[in-house]
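Beneath this line is the structure, given in structure tokens, with notes to follow.
2 protein chains.
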Amino acid sequence: MNLDARLDHWRSEIDRALDEYLPDEGSPPLSLHRAMRYAVFAGGKRLRPILTLAASEAVGAEGHLALPCACAIEMVHTYSLVHDDLPSMDNDSLRRGKPTTHVVFGEALAILAGDALLTRAMEMLATEPPGDAMAPRRTQVLSLVARAAGAAGMIGGQADDLAAAAIAGSAASERLISIHRRKTGALITASVLAGAVIAGAGEEIERLRRYGEAIGLAFQIVDDILDVESTTAVLGKSAGKDARDLKLTFPAVLGPAESRRRAEELCREAQAEARALGPRAAPLGDLATFVMARKN
Amino acid sequence: MNLDARLDHWRSEIDRALDEYLPDEGSPPLSLHRAMRYAVFAGGKRLRPILTLAASEAVGAEGHLALPCACAIEMVHTYSLVHDDLPSMDNDSLRRGKPTTHVVFGEALAILAGDALLTRAMEMLATEPPGDAMAPRRTQVLSLVARAAGAAGMIGGQADDLAAAAIAGSAASERLISIHRRKTGALITASVLAGAVIAGAGEEIERLRRYGEAIGLAFQIVDDILDVESTTAVLGKSAGKDARDLKLTFPAVLGPAESRRRAEELCREAQAEARALGPRAAPLGDLATFVMARKN
Chain E
53 MNLDARLDHW
63 RSEIDRALDE
73 YLPDEGSPPL
83 SLHRAMRYAV
93 FAGGKRLRPI
103 LTLAASEAVG
113 AEGHLALPCA
123 CAIEMVHTYS
133 LVHDDLPSMD
143 NDSLRRGKPT
153 THVVFGEALA
163 ILAGDALLTR
173 AMEMLATEPP
183 GDAMAPRRTQ
193 VLSLVARAAG
203 AAGMIGGQAD
213 DLAAAAIAGS
223 AASERLISIH
233 RRKTGALITA
243 SVLAGAVIAG
253 AGEEIERLRR
263 YGEAIGLAFQ
273 IVDDILDVES
283 TTAVLGKSAG
293 KDARDLKLTF
303 PAVLGPAESR
313 RRAEELCREA
323 QAEARALGPR
333 AAPLGDLATF
343 VMARKN
Chain B
53 MNLDARLDHW
63 RSEIDRALDE
73 YLPDEGSPPL
83 SLHRAMRYAV
93 FAGGKRLRPI
103 LTLAASEAVG
113 AEGHLALPCA
123 CAIEMVHTYS
133 LVHDDLPSMD
143 NDSLRRGKPT
153 THVVFGEALA
163 ILAGDALLTR
173 AMEMLATEPP
183 GDAMAPRRTQ
193 VLSLVARAAG
203 AAGMIGGQAD
213 DLAAAAIAGS
223 AASERLISIH
233 RRKTGALITA
243 SVLAGAVIAG
253 AGEEIERLRR
263 YGEAIGLAFQ
273 IVDDILDVES
283 TTAVLGKSAG
293 KDARDLKLTF
303 PAVLGPAESR
313 RRAEELCREA
323 QAEARALGPR
333 AAPLGDLATF
343 VMARKN
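Residue numbers (the working numbering), protein chains in the order written: chain E, 53 to 348; chain B, 53 to 348.
Here it is, written out as structure tokens:
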């Protein structure tokens with residue numbers, strides 16, 4: 053299977069499972085359930101859950117074992133987008149080509165839908181796959197996802213990002229990498245590790261961690277470049293917004309050419325780690341290429 | 053030990069443990085950590101974590117086994133207050149006698165601090181008490197807390213509460229009980245069950261569930277009565293706010309006298325369940341008295 057076909061296959065598996073794991077749109081509280089589903093099915097790339105499935109396959113498991121973890125991680129990612137888009141945070145009205153959740157459902161329901169997605173994700177990580185024998189792995193995955201998503205990871209990165217607009221000079225590059233590693237990188241790394249841990253990975257873990265950290269940072273650098281070089285129509289979210297908000301970004305700190313060179317270097321590092329894991333990890337190598345080549 | 057001395061003892065244990073489990077105020081991101089600690093240490097009654105400790109003792113465990121669960125549940129409760137107080141939700145500026153978190157830290161940090169408290173709570177439930185032998189109990193507790201806090205429980209109750217202001221007539225009483233059972237009752241019941249499950253409870257569980265459901269609903273009825281009959285100074289939050297917001301409450305639907313009679317009946321039910329559990333459960337009976345007699 054080539055990468056495009058494989059990505060399509062994974063996406064349809066993930067979307068079918070998400071539909072099953074989310075509360076029914078026809079059951080009360082209707083508006084809460086609708087807001088949760090609107091946010092999740094607004095058309096994401098599903099990069100994080102795909103990484104979870106690819107990592108579990110890279111260590112020899114069948115993909116379906118990691119499918120609940122993968123869906124839970126996509127819910128955590130989606131909740132973070134819903135909250136980050138709120139007027140008091142990044143104030144974004146467009147996401148994945150559609151009005152953001154608070155624009156459609158109002159701020160209160162957007163906050164509650166985000167809370168409910170995070171809570172549902174944690175419930176899934178605690179219960180799937182079932183059985184007492186799997187319980188130690190479930191708690192390990194839950195703990196690593198929660199650390200990555202918490203104050204020391206994603207939420208801390210967002211808090212610093214909101215406060216970082218005014219910083220410049222030689223400290224900016226270091227601070228930028230620190231913010232991006234936490235805000236985006238930590239959950240991407242956790243997506244990879246979750247798939248590996250639930251599949252019972254052993255010594256492959258450290259290599260997968262390096263793989264995850266490399267593509268996590270590469271992903272965010274490409275995100276920053278696309279914000280400068282692409283258009284709102286292609287991105288599906290407001291282009292040029294980082295500069296208007298005076299955000300700390302890689303193109304602003306290093307210039308676009310050096311930013312691209314850094315991202316390419318990180319993708320090559322990730323590909324080297326994937327190669328060292330053997331043929332079962334080939335899709336992880338392809339995903340590094342995908343992260344570099346993506347247009348939105 | 054009489055109830056007051058026992059409550060003081062439990063509260064100081066809980067506060068010391070919360071201090072340990074929350075991120076350091078002196079480590080970055082400073083403002084996020086400060087907002088988390090501000091919300092948690094604004095001076096709550098600690099009813100939910102006390103119920104967790106009392107339930108674990110009622111089934112024969114030592115309190116410290118359940119202390120991390122107890123703290124995690126208090127963090128879940130605190131996050132829900134921080135988000136519910138936001139301007140787009142209940143728009144409260146006073147809580148536990150102090151300015152609410154968003155008043156002090158701004159809306160963005162209040163949202164993030166709430167998110168981080170929920171995430172940290174889940175991480176603690178996944179990791180404490182440690183060891184693979186305890187992993188099945190940890191996942192069971194996490195799952196029941198997440199269900200109680202999620203779309204089918206607390207968050208769903210809050211979503212319906214925000215939308216329920218305009219309802220009246222004969223359907224109001226049924227709807228009110230449904231909202232209160234989810235918005236407040238579900239997490240109070242989960243507090244009791246979490247302590248019991250982590251302590252390895254067996255057949256006591258169903259009795260403890262009935263105990264938790266009875267005092268959960270009684271607690272909210274008393275809350276509604278206090279909002280009408282007490283003052284802002286005594287409550288530490290804005291009195292009379294339910295009526296101004298046209299909220300569905302027990303005094304509004306049933307009248308104050310019938311509301312009080314219902315709460316007393318529920319407390320007697322809870323006390324009967326506690327008595328049936330034997331002398332180790334005596335503090336649970338005392339806590340039902342406390343819920344009925346409280347002034348704030």
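Every residue gets a Cβ at the ideal spot worked out from N, C-alpha and C, and that includes glycine.
Since this is a predicted model, take the numbers as computed values, not measurements.
Candidates B:79, B:140, B:340, B:300, of which the one nearest residue 223 (chain B) by Cα
B:300
Where DSSP assigns a beta bridge to residue 196 (chain B), which residues make up the other side?
Among the bridge pairs identified by DSSP, residue 196 (chain B) is matched with none.
Decide if the segment 260-273 of chain E is in contact with the segment 140-157 of chain E; the criterion is three or more beta carbon pairs, one per stretch, under 8 angstroms apart.
The segment 260-273 of chain E vs the segment 140-157 of chain E: no contact.
Does residue 284 (chain E) pass the burial test, meaning 16 or more other C-beta atoms within 10 Å, or should it be called exposed?
exposed
Going by beta carbon distance, what residues of the same chain come within less than 7 angstroms of residue 108 (chain B), once the five residues before and after it are set aside?
115, 117, 118, 247, 248, 250, 251
Would residue 53 (chain B) be called buried (16 or more neighbouring beta carbons within 10 Å of its own) or exposed?
exposed
Would you say residue 247 (chain B) faces chain E, with C-beta separation under 9 angstroms as the test?
no
Limits of the unbroken alpha helix (DSSP H) element including residue 111 (chain B)
In the DSSP assignment, residue 111 (chain B) falls outside any alpha helix (DSSP H) and carries neither an H nor an E.
DSSP beta-bridge partners for residue 146 (chain E)?
E:151
Environment of residue 335 (chain E) [buried if 16+ CB atoms lie within 10 Å]:
So residue 335 (chain E) counts as buried.
With a Cβ-Cβ cutoff of 9 angstroms, do residue 196 (chain E) and residue 168 (chain E) count as a contact?
no
What does the Cβ neighbour count give for residue 305 (chain E), buried or exposed, with the cut at 16 atoms within 10 Å?
Per the 10 Å Cβ criterion, buried.
For residue 322 (chain B) and residue 257 (chain B), which I take to be in contact (beta-carbon distance under 8 angstroms), what is that distance rounded to the nearest angstrom?
Wrong, their Cβ atoms sit about 15 angstroms apart, outside the cutoff.
List, in order along the chain, the chain B residues whose C-beta lies closer than 9 angstroms to that of residue 283 (chain E)?
Result: empty, since nearest Cβ-Cβ is about 28 angstroms, beyond 9 angstroms.
Hey, residue 73 (chain E) and residue 190 (chain E): beta-carbon distance below 9 angstroms or not?
no
Taking Cβ positions, are residue 164 (chain B) and residue 84 (chain B) nearer each other than 9 angstroms?
yes
Residues of the segment 108-135 of chain B with Cβ closer than 7 angstroms to any Cβ of chain E, in chain order:
135
Classify residue 244 (chain E): buried if its beta carbon has 16 or more other beta carbons within 10 angstroms, exposed otherwise.
buried
At what residues does the alpha helix (DSSP H) containing residue 293 (chain E) begin and finish?
293-296
Counting contacts by CB-CB distance shorter than 9 angstroms, is residue 175 (chain E) in contact with chain B?
When Cβ-Cβ separations below 9 angstroms define contact, residue 175 (chain E) makes contact with chain B.
Does any CB atom of chain E fall closer than 9 angstroms to the CB of residue 158 (chain B)?
True, the Cβ-Cβ gap to chain E drops below 9 angstroms.
Ordered along the chain, which non-local residues of its own chain (more than five positions away) have a Cβ less than 6 angstroms from that of residue 338 (chain B)?
55
The segment 78-101 of chain B: which residues have C-beta closer than 8 angstroms to a C-beta of chain E, in chain order?
Residues passing the 8 angstroms Cβ filter: 80, 81, 83, 84, 85, 88.
In chain order, what residues of the segment 255-270 of chain B put their CB closer than 8 angstroms to some CB of chain E?
Answer set for the segment 255-270 of chain B: empty.
For residue 272 (chain E), which residues in chain B fall below 8 angstroms Cβ to Cβ?
Going along chain B, no residue has its Cβ under 8 angstroms from residue 272 (chain E), so there is no contact; the nearest lies around 18 angstroms.
State yes or no: is the beta carbon of residue 238 (chain B) nearer than 9 angstroms to at least one beta carbon in chain E?
no
When you compare only the Cα positions, how much space is there between residue 95 (chain B) and residue 122 (chain B)?
16 angstroms
Would residue 348 (chain E) pass as a contact of residue 282 (chain E) if the rule is Cβ separation under 9 angstroms?
yes
Measure from the alpha carbon of residue 216 (chain B) to the alpha carbon of each residue in E:179, E:81, E:77, then state which is nearest.
Cα-wise, what sits closest to residue 216 (chain B) is E:81.
Close beta carbons around residue 175 (chain B), own chain, < 6 angstroms, minus the five adjacent residues each side:
Result list for residue 175 (chain B): empty, nothing under 6 angstroms.
Assuming residue 92 (chain E) contacts residue 127 (chain E) under a Cβ cut-off of 8 angstroms, what Cβ separation, rounded to an integer in Å, is found between them?
7 angstroms
Straight-line Cα distance separating residue 309 (chain B) from residue 239 (chain E):
53 angstroms
Please report the straight-line C-alpha distance between residue 69 (chain B) and residue 62 (chain B), rounded to a whole angstrom.
11 angstroms
Does any C-beta atom of chain B lie closer than 9 angstroms to the C-beta of residue 181 (chain E)?
For residue 181 (chain E), the nearest beta carbon of chain B is not closer than 9 angstroms to its own beta carbon.
Report the residue from E:181, E:229, E:234, E:136 whose alpha carbon sits nearest the alpha carbon of residue 159 (chain E).
Ranking E:181, E:229, E:234, E:136 by Cα distance to residue 159 (chain E) puts E:136 first.
CB-CB length for residue 98 (chain B) against residue 125 (chain B), believed under 8 angstroms:
Contact between residue 98 (chain B) and residue 125 (chain B) does not hold, since their C-beta atoms are separated by about 10 angstroms, which reaches or exceeds 8 angstroms.
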